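Chains A and B supply the protein sequences, listed in that same order.
All the letters of the first sequence, read from the start, carry residue numbers 669 to 858 under our numbering.
All the letters of the second sequence, read from the start, carry residue numbers 669 to 858 under our numbering.
The beta carbon of each residue, even a glycine, is placed where N, CA and C say it ideally should be.
These numbers come from a predicted model, not from an experiment.
Some notes on the structure that comes next.
2 protein chains.
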Amino acid sequence: MSRTTGDRRAEIIQAAVEVIAERGYRGASLGAVAERVGLTQQGLLHYFPTKEALLVAVLAARDQWDVASTALHGTTWPLEMLTSLVEYNATRPGIVQTFTVLAGDSVTEDHPARAYFEERYRWVREGAADMLRAEFGERLPGGLTPERAAPLLVAVMDGLQVQWLLDPAAVDMAAAFRDFVALLGGTGNT
Amino acid sequence: MSRTTGDRRAEIIQAAVEVIAERGYRGASLGAVAERVGLTQQGLLHYFPTKEALLVAVLAARDQWDVASTALHGTTWPLEMLTSLVEYNATRPGIVQTFTVLAGDSVTEDHPARAYFEERYRWVREGAADMLRAEFGERLPGGLTPERAAPLLVAVMDGLQVQWLLDPAAVDMAAAFRDFVALLGGTGNT
DNA sequence: GTCTATAATAAGATAGAC
DNA sequence: GTCTATCTTATTATAGAC
């Protein structure tokens, strides 16, 4: 059945996300992923013919997950929405870790996820600029425009994730992000 | 001679930095590093008995490099100094890439560089807080304190590096950093 | 100090049985 | 759809000659 096959694939993708979080992409062996869903390495290759095909599926799943969690936590004010996304992320270290590791890895030569992250950051910056424009208009503190603030917003989200993953006790990711929103002149601060 | 040995070790460390930038830590084989300095893999092991020992040396070299470049570009105003560090980094994609990759990798389980980055971020945040206090005093825009702005400053630097490495044409790392300084109420903006 | 030889694993992938 | 068997290639590391 194609239903069963889809379920199996979803299980495998989930397992791959976990193993990548623990050991990175290069360190994530197909055998370790397979074992987690009760398959042999060769059995897994029936669903994803190569390791790279599995990675592509993991990245595609992330995009879908983004859309879903945005819908789930959608509120009226765009920046509020981003703040709740950060709060939500703070409860899901596994996923955050997987994509922090992959994004870092992707800057290496000929990395199979490089094009994905290049494109992803481009549209994330565009989305952030739109969001900032809707929230604050054309003029932001420090003489910034939404387009110039956008890469900073994205950088803060990513950079905080690294610090938080390394030392969750020392870095309150959600609070820090609200601090940044406050810097932009928003009302994200309590 | 111990002089020759030191030179050789320095060469090897430099080669390791390059190979890690290209392929990540797990992807950086000792053979590839050795080849770059005209040695066999086994010849390299004479200088660094294990792969992990070489990584430790790479991390130690980074700390020394930090100190050196700080001295080199030191100016009177602390934040100006950081801005020139970012400008300097924008001319050295190799080093930036190595440590972006290593930092991302380090969040995985039992990674040999994990403790290093954990400590490093701790003191970098402390240093940033001191710098912000010296520059702006106790009160920053958005009701922030130096301690609360510090992780944001560090996050911006790191996050911009990822975006810049992936797409240098789309992200002007130094300009964006100056924009962030402007947000803090500084005069880093032209 | 650097090499050759080699051990010991481990990985991704293919072929083909059931 | 999943397995066993196997190929091929890499990798870290050790032993010991020169």
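Endpoints, the alpha helix (DSSP H) within which residue i is located
{"i": "B/G805", "result": "Looking at the DSSP string, B/G805 is not in any alpha helix (DSSP H), and its letter there is neither H nor E."}
{"i": "A/W745", "result": "Premise fails: A/W745 is in no alpha helix (DSSP H) and is neither H nor E."}
{"i": "A/F716", "result": "Run containing A/F716: none; DSSP gives neither H nor E here."}
{"i": "A/G706", "result": "Unbroken run through A/G706: none, as it is neither H nor E."}
{"i": "B/D826", "result": "814-834"}
Residue-chain proximity (residue i, chain B), Cβ-Cβ < 8 Å
{"i": "A/D826", "result": "yes"}
{"i": "A/R730", "result": "no"}
{"i": "A/F848", "result": "yes"}
{"i": "A/L851", "result": "yes"}
{"i": "A/L723", "result": "no"}
{"i": "A/L812", "result": "yes"}
{"i": "A/F804", "result": "no"}
Short CB-CB distance (under 8 Å) between residue i and chain A
{"i": "B/P836", "result": "no"}
{"i": "B/R704", "result": "no"}
{"i": "B/T768", "result": "yes"}
{"i": "B/D734", "result": "no"}
{"i": "B/T751", "result": "no"}
{"i": "B/G772", "result": "yes"}
{"i": "B/L727", "result": "no"}
{"i": "B/Y715", "result": "no"}
{"i": "B/A844", "result": "yes"}
{"i": "B/P819", "result": "yes"}
{"i": "B/Q831", "result": "yes"}
{"i": "B/P746", "result": "no"}
{"i": "B/V839", "result": "yes"}
{"i": "B/T858", "result": "Because the pLDDT at B/T858 is just 41, under 50, the model does not fix this residue reliably, and the point stays unresolved."}
Check whether residue i and residue j have beta carbons under 8 Å apart
{"i": "A/D826", "j": "B/V764", "result": "no"}
{"i": "B/V687", "j": "B/R704", "result": "yes"}
{"i": "B/G692", "j": "B/V769", "result": "yes"}
{"i": "A/G772", "j": "B/A771", "result": "yes"}
{"i": "B/L712", "j": "B/L698", "result": "yes"}
{"i": "A/A842", "j": "A/P814", "result": "no"}
{"i": "B/F804", "j": "B/V824", "result": "no"}
{"i": "B/A838", "j": "A/L812", "result": "no"}
{"i": "B/Y756", "j": "B/S774", "result": "no"}
{"i": "A/R782", "j": "B/G695", "result": "no"}
{"i": "B/A817", "j": "B/L800", "result": "yes"}
{"i": "B/L834", "j": "A/F785", "result": "yes"}
Alpha-carbon spacing of residue i relative to residue j, whole angstroms
{"i": "A/P819", "j": "A/V726", "result": "25 Å"}
{"i": "A/R677", "j": "A/R790", "result": "29 Å"}
{"i": "B/L750", "j": "A/Q710", "result": "51 Å"}
{"i": "A/E748", "j": "A/A758", "result": "15 Å"}
{"i": "A/V735", "j": "A/E679", "result": "20 Å"}
{"i": "A/T766", "j": "A/P780", "result": "15 Å"}
{"i": "B/L753", "j": "A/A844", "result": "24 Å"}
{"i": "A/P809", "j": "B/P746", "result": "22 Å"}
{"i": "B/E787", "j": "B/D731", "result": "12 Å"}
{"i": "B/G706", "j": "B/H714", "result": "14 Å"}
{"i": "B/T708", "j": "A/P836", "result": "42 Å"}
Three-state secondary structure assigned by DSSP to residue i
{"i": "B/L675", "result": "As written in the sequence, residue 675 of chain B is Asp, which differs from the Leu given in the question. Helix, per DSSP."}
{"i": "B/I852", "result": "One point to set straight first is that residue 852 of chain B is Leu, not Ile, in the sequence displayed. DSSP places B/L852 in coil when its eight states are reduced to three."}
{"i": "B/T759", "result": "coil"}
{"i": "B/A781", "result": "coil"}
{"i": "B/A837", "result": "coil"}
{"i": "A/V775", "result": "coil"}
{"i": "B/A842", "result": "helix"}
{"i": "A/A696", "result": "coil"}
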